[in-house]
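Going line by line, the protein sequences match chains A and B. Quick note: the first sequence uses the working numbering, first residue 32, plus one each step. Quick note: the second sequence uses the working numbering, first residue -10, plus one each step. The block underneath contains the structure these notes are about, expressed in structure tokens.
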Amino acid sequence: MPSLSVRSVTKEFGAAAAVRDVSFDAGEGEFVSLLGPSGCGKTTTLRIIAGLLVPDVGTIEIAGNDVTALPPYRRSASLVFQNYALFPHMTVRENVAFGLRMRAIAKEEAGPRIRDILDLVGMRELEGRYPRQLSGGQQQRVALARSLVVQPSVLLLDEPLSNLDAKLREEMRIELRQLQQRLKITTVFVTHDQEEALAMSDRVIVMRAGSIQQDASPTELFNRPRTEFVARFIGSANVLTGTWRNGTLQTAAGLRIRIDGSHAGSEGTRGMTAVRPQNVKVAMSAALSAQDAGRFNVAAATIALASYRGSYWLCCMRLDSGDEIQAHVAADESDPKLVIGSTVTIYWEPRHTIPVIPDS
Amino acid sequence: MALGRVGAGRFATSAVAWLAYLIMLAPIGAIVWLSLFDSDIIAIPPPGYSLRSYQSMFASGNFIASFRLSLVVAVGATVISLALGTLASIAIVRGKFPGSDILASVFLAPLAVPGIVLGLAIYIFFFKVGAAIGIRIAGTMTSLILAHVVLTLPWTIRFTSAGLTTIDKNLEDAAMTLGAPPLRTFWHVTFPLMRASLVAAAVFAFLTSYNALEMSLFLVGPGMTTVPIVLLQRVSWNFDPSVAAMATVQVAISAVALIILTRLVGAERIFGGQRSS
Chain A
32 MPSLSVRSVT KEFGAAAAVR DVSFDAGEGE FVSLLGPSGC GKTTTLRIIA GLLVPDVGTI
92 EIAGNDVTAL PPYRRSASLV FQNYALFPHM TVRENVAFGL RMRAIAKEEA GPRIRDILDL
152 VGMRELEGRY PRQLSGGQQQ RVALARSLVV QPSVLLLDEP LSNLDAKLRE EMRIELRQLQ
212 QRLKITTVFV THDQEEALAM SDRVIVMRAG SIQQDASPTE LFNRPRTEFV ARFIGSANVL
272 TGTWRNGTLQ TAAGLRIRID GSHAGSEGTR GMTAVRPQNV KVAMSAALSA QDAGRFNVAA
332 ATIALASYRG SYWLCCMRLD SGDEIQAHVA ADESDPKLVI GSTVTIYWEP RHTIPVIPDS
Chain B
-10 MALGRVGAGR FATSAVAWLA YLIMLAPIGA IVWLSLFDSD IIAIPPPGYS LRSYQSMFAS
50 GNFIASFRLS LVVAVGATVI SLALGTLASI AIVRGKFPGS DILASVFLAP LAVPGIVLGL
110 AIYIFFFKVG AAIGIRIAGT MTSLILAHVV LTLPWTIRFT SAGLTTIDKN LEDAAMTLGA
170 PPLRTFWHVT FPLMRASLVA AAVFAFLTSY NALEMSLFLV GPGMTTVPIV LLQRVSWNFD
230 PSVAAMATVQ VAISAVALII LTRLVGAERI FGGQRSS
């Protein structure tokens, strides 16, 4: 039985649908991310799960109980807000104690629970401080402790790391994930940061304009994006459009793209494929051997731009066919060679050609 | 040279400011001065200075009774308008129902009506309603308090809704997801964070009611007089130092209320409204 079931939830604000027919489950102890650009409906979905919004259609089940009609204070789901929403007139300890007080938990039980959770997030020494006396990272830990101490069935996180600076955000990512795994708590995490979602989640649900685009593991999402939107949103992608001819996609500019096995579309239909820049290789010699040419998608290209990114060069090229393509070239071996205007050969394996559904 | 000009400019600005203060405060100074005359009439220069006008004021039952009445009415109007104003603000600020903006303006409307018109209208209203239901309302203490609520409510709504808008709604949502029903959320989260605006609202409501003259003129019953009415009567009858003494006490009460307010809340928070998180 999943800890959380979202079933066909739709919510409209005025005429616009904020969330349209969204369904997903989160298994016991699973870390699920809702990922998408702002306005995609991910936060609305989270607030519906918390009970702060009532869906127009659909149901929410937490631990097997239909809670759709229950107010937030009768649900076992606690929410960590983007701005933490710590009570400014209460100390750290009072903030954490709040949920237990509302549940009328006796002092003898509440005391140790508060102590344990404050130890867990490393805020025990600062329990007498007020929120305004804490740094962003500390406030974030307190907000987490306040939500965890009530032992919710589902922990909801609304972009909790987005107000932290880059370095701290990286640390908190790891810390939060470790904490979640230690407590084995079912978690729904809302973010617009694809890197964050990939790094932390068991499963990522990509949303766009109120609907789910893809619900998959991080690796599957990256390697097998289902739609053009996902391909572009997760990492970056060269998206090539064309018509299927003899099992290859032929672009308007004349490039023929081979694809693995059964993934090709039916003859004559329009199609779209994506290739990750990481998978595109750049050969400085003019031509590949005949054997290699048979195994790869190969094209001649001219370097239009090379931009240094630390561990790699981002190399933008124009193919002789007129299509544009980007590749990541490992930095150590390429420094002197990526001369703008020089002619190179690019190639990639057909298995790295991903068919995707174009965005309407 | 340039520096000297800046210095001169600054000097001129502060001189104007001090002049403005002086013009505003001079009449109050004059009243305090008059109240200390050792005389039954206002004669300048005074024959001497003493506290006898204060003695005669406190000896007069009329004065004391009017202070007491003003106080009871002001406290009553403050408490009622504070409760109603807070509830109205919650509805207007948090509810955001159709027409809530219009309602917010309607609540402020009494500020735009001259007190004397308001007083007359309320008197006629109470008189008619009282006649219809067979209970005398006009001229009672209750009617006076209710009428003052009309005057004080715009202030309490303004201050409490200003206070409420600065409270992050996420705080209330957080409390609810942590298991607090709406009333407990209000009591433990919203109310403590509104305290500054509640104090400000209370003080302004109190002062508005305490100093209200025109409206009360119509509504006081036989034998009921508030301080401003007594002052008006005395001034039109015979302006002597005891009137100045009474006015001084009146000013002192207002001043003390404002000092308490700024001490408790801080002037910038009353008018500026700080973010609470």
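Here a beta-carbon is modelled for each residue, glycine too, at the ideal position from N, C-alpha and C.
query, result
"Cβ-based burial, Gly45(A) [other Cβ within 10 Å; buried from 16]", "exposed"
"Sequence-distant residues of the same chain with beta carbon closer than 6 Å to Leu199(A), five excluded per side", "Gly168"
"For Val306(A) and Thr384(A), believed in contact at Cβ under 8 Å, the rounded distance", "6 Å"
"Contact under 9 Å by Cβ, Ser109(A) with Pro183(A)", "yes"
"Which of helix, strand or coil DSSP assigns to Ser70(B)", "helix"
"Interface flag, Arg172(A) vs chain B, CB-CB below 9 Å", "no"
"Contact with chain A by Asn227(B), beta-carbon distance below 9 Å", "no"
"Cutoff 9 Å: Tyr104(A) Cβ touching any chain B Cβ", "yes"
"Exposure label - Glu202(A); buried when at least 16 CB within 10 Å", "exposed"
"Reference Ser338(A), options Leu350(A), Lys368(A), Phe327(A), closest by Cα", "Lys368(A)"
"Chain E contacts from the stretch 110 to 143 of chain A (Cβ-Cβ distance under 9 Å)", "Annotation note: the requested chain E is absent from the structure, which comprises protein chains A and B."
"C-beta atoms of Thr215(B) and Ser55(B) nearer than 9 Å", "yes"
"9 Å Cβ cut-off: residues of chain B touching Val63(A)", "Per Cβ cutoff of 9 Å: no residues; Val63(A) is ~18 Å from chain B at best."
"Boundaries of the beta strand (DSSP E) in which Gly159(A) is found, first to last residue", "Here Gly159(A) belongs to no beta strand (DSSP E), and DSSP marks it neither H nor E."
"Exposure of Asp97(A), with buried meaning 16 or more beta-carbon neighbours within 10 Å", "exposed"
"Continuous beta strand (DSSP E) stretch holding Met32(A): start and end", "Here Met32(A) belongs to no beta strand (DSSP E), and DSSP marks it neither H nor E."
"Residue-level contact to chain A via CB, Arg223(B), 9 Å cutoff", "no"
"Chain B contact for Ser178(A) (CB, 9 Å cutoff)", "yes"
"Buried or exposed (CB count within 10 angstroms, at least 16 for buried), Asn51(B)", "exposed"
"9 Å Cβ cut-off: residues of chain A touching Leu182(B)", "Phe118, Pro119, His120"
"Within chain B, partners of Ala108(A) - CB distance below 8 Å", "Thr166"
"Nonlocal neighbours in the same chain, by C-beta distance under 7 Å from Ser352(A), ignoring five residues either side", "Thr282, Ala284, Gly285, Leu286, Ala330"
"Sheet register partners of Trp10(A) (DSSP bridge)", "Nothing can be reported for residue 10(A): it is not among the residues displayed for chain A, which extend from 32 to 391."
"Outcome for Asp189(A) when other beta-carbon atoms lying within 10 angstroms are tallied against a minimum of 16", "buried"
"Ala176(A) - DSSP class collapsed to helix/strand/coil", "helix"
"Selected residue, minimal CA-CA separation from Leu109(B), among Ala246(B), Ser205(B), Ser243(B)", "Ser205(B)"
"First through last residue of the alpha helix (DSSP H) which encompasses Glu92(A)", "Element bounds for Glu92(A): not the alpha helix (DSSP H) but the beta strand (DSSP E), 88 to 93."
"Residue-chain proximity (Gly70(A), chain B), Cβ-Cβ < 9 Å", "no"
"Neighbour list for Arg83(B) in chain A, Cβ cutoff strictly below 8 Å", "Per Cβ cutoff of 8 Å: no residues; Arg83(B) is ~13 Å from chain A at best."
"Contact list for the stretch 80 to 104 of chain A against chain B, Cβ threshold 8 Å", "Ala81, Gly82, Leu83, Pro102, Pro103, Tyr104"
"Buried or exposed (CB count within 10 angstroms, at least 16 for buried), Ser265(B)", "Its pLDDT being 38, under 50, Ser265(B) is placed unreliably by the model, and nothing is read from it."
"Minimum C-alpha distance to Ala194(B) - residue among Pro170(B), Ile69(B), Ser49(B)", "Ile69(B)"
"C-alpha gap between Arg78(A) and Val127(A), whole angstroms", "21 Å"
"Touch test, the stretch 175 to 185 of chain B against the stretch 220 to 233 of chain B, Cβ-Cβ under 8 Å, three pairs minimum", "no"
"Beta-carbon contacts of Ile290(A) that lie in its chain and below 6 Å, excluding the five residues immediately before and after", "Pro381, Thr384"
"Beta-carbon separation (whole angstroms), Trp379(A) vs Val313(A), contact threshold 8 Å", "About 10 Å; that fails the 8 Å criterion."
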